[in-house]
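Working notes for the structure below.
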Amino acid sequence: MPYFQRSSLSRKLTMMSLLSTGSALVCVFLAFAVASVLNGRKDEGMQLSSLAGVVATNSADALVFNDRSLAGTLLAALAAKEEISSAALYDRKGRLFASWQSPRHANASADAGVTTPPQLDAFDDAALAAASQAGSRIWSPRMRLYRPVMKEDAQAGVIVIEADLLPMWLGIAKSVGVIGAATCVSLLVSLVLARRFTRSIADPVTKLIHTARKVSESQNYTLRVANGRNDELGALIDSFNTMLAQI
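Below you can see the structure in the form of structure tokens.
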């Protein structure tokens, strides 16, 4: 704050203009970044939920008839979506029935432990929703979704699907990077324009100060400040010239 008070009028005006413009641009940048993250995770969640619903419907017969081969085939079909890193199918007692891991994400899936039985007290909707929320933290690089497998209004088991969100984060980073670069360019443009416009205000004031000093030092009251303005600064210059003429 002391630096601001000691600064010249031109610098003060430039700083005020830059701070106001910069604050607005930073707010827009942060809003865009947050919206990109929330929308990206929402879209991924909706796609994963739809995919889990399809697989859960098709896996019901495999659980009921204890067909592990069919269950494995259904889970392996998830390889069509590159973001899916692993999937596991559990029976209604929480025992692992079938599992699948993408070769591209084998290490990540092993570290995440998606093939371990879900630690749930009960496989009801509330417990599964809570587990899905715990496995989908906003800054997590992975998203894990729990979906019940229903057969004739009875729960036959649970399917767990995990997706790798690294492609989503890379896409968000690219978008945020572009907006960040545009924000920096906008700040530079605003700085150039602010300096140009503040000169039109600071220069007449500087001329008034220099003329007042010359009059005070030389006692020459015939000095005048050239005026070609029609705004408040022009009125101030006219008043200054009139004052010198009267003196």
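Using my numbering, the first residue of the sequence shown is number 5, and each one after it goes up by one.
Glycine is no exception: its CB is placed at the ideal position from the N, C-alpha and C atoms.
Which partner residues does G161 have in the DSSP bridge list?
D95 and V153
Return the chain-ordered list of same chain residues with a C-beta closer than 7 Å to the C-beta of P171, the five sequence neighbours on each side being excluded.
E87
Measure the CB-CB distance between F36 and I183 and report whether it falls below 8 Å.
Yes, they are a contact pair.
Boundaries (first-last residue) of the beta strand (DSSP E) holding F101:
L100 to Q105
Per-residue DSSP class, three states only, for G230:
The sequence as given places Ala at residue 230; Gly does not occur at that position. Correct three-state label for A230: coil.
Contact between the region 68-86 and the region 189-208 is defined here as three or more beta-carbon pairs at a separation below 8 Å; is this criterion met?
no
If you draw a straight line from the alpha carbon of G238 to that of A186, how long is it in whole angstroms?
38 Å
Mapping DSSP to helix, strand and coil, what is F244?
Three-state DSSP puts F244 in a helix.
With 16 as the cutoff for other CB atoms within 10 Å, does G161 come out buried or exposed?
buried
Considering only the alpha carbon of each residue, which of L93, R99 and G76 lies closest to L149?
L93
Quick check: what's the CA-CA separation for T120 versus A177?
Confidence in T120 is poor, its pLDDT being 49 and thus under 50, which makes the residue's placement too unreliable to answer from.
Write down the C-beta distance between A167 and M154 rounded to the nearest angstrom, noting that I regard them as a contact closer than 8 Å.
About 22 Å separates the two Cβ atoms, so there is no contact after all.
Who does A167 pair with in a DSSP beta bridge?
The secondary-structure analysis by DSSP pairs A167 across a beta bridge with I88 and M147.
Keeping to the same chain, check which residues put their C-beta closer than 8 Å to that of L227; ignore five residues upstream and five downstream.
T215, K218, V219 and L248
Could you spell out where the alpha helix (DSSP H) holding A37 opens and where it closes?
L13 to V68
May I ask you to verify whether the region 97-108 touches the region 75-84, counting CB pairs closer than 8 Å and requiring at least 3?
Yes, the region 97-108 touches the region 75-84.
Nearest to Q223 by alpha carbon, out of I251, D235 and A230?
I251
Nearest to R108 by CA position, among G181, S89 and L67, is which residue?
S89
Express the C-alpha separation of Q159 and A133 in angstroms, rounding to a whole number.
15 Å
Which value, in whole angstroms, describes the spacing of the CA atoms of S27 and M19?
12 Å
Enclosing alpha helix (DSSP H) for L82 [first to last residue]
That residue, L82, is in no alpha helix (DSSP H); it is neither H nor E in DSSP.
For a quick check, are the C-beta atoms of L13 and V209 less than 8 Å apart?
With contacts defined as CB atoms closer than 8 Å, L13 and V209 qualify as a contacting pair.
If you draw a straight line from the alpha carbon of A83 to that of R199, how long is it in whole angstroms?
57 Å
Which whole-angstrom value is the C-beta distance of P145 and L174, which I expect to be below 8 Å?
That belief does not hold up - the Cβ atoms of P145 and L174 are roughly 11 Å apart, past 8 Å.
Buried or exposed, going by whether 16 or more other CB atoms sit within 10 Å of the CB of L34?
exposed
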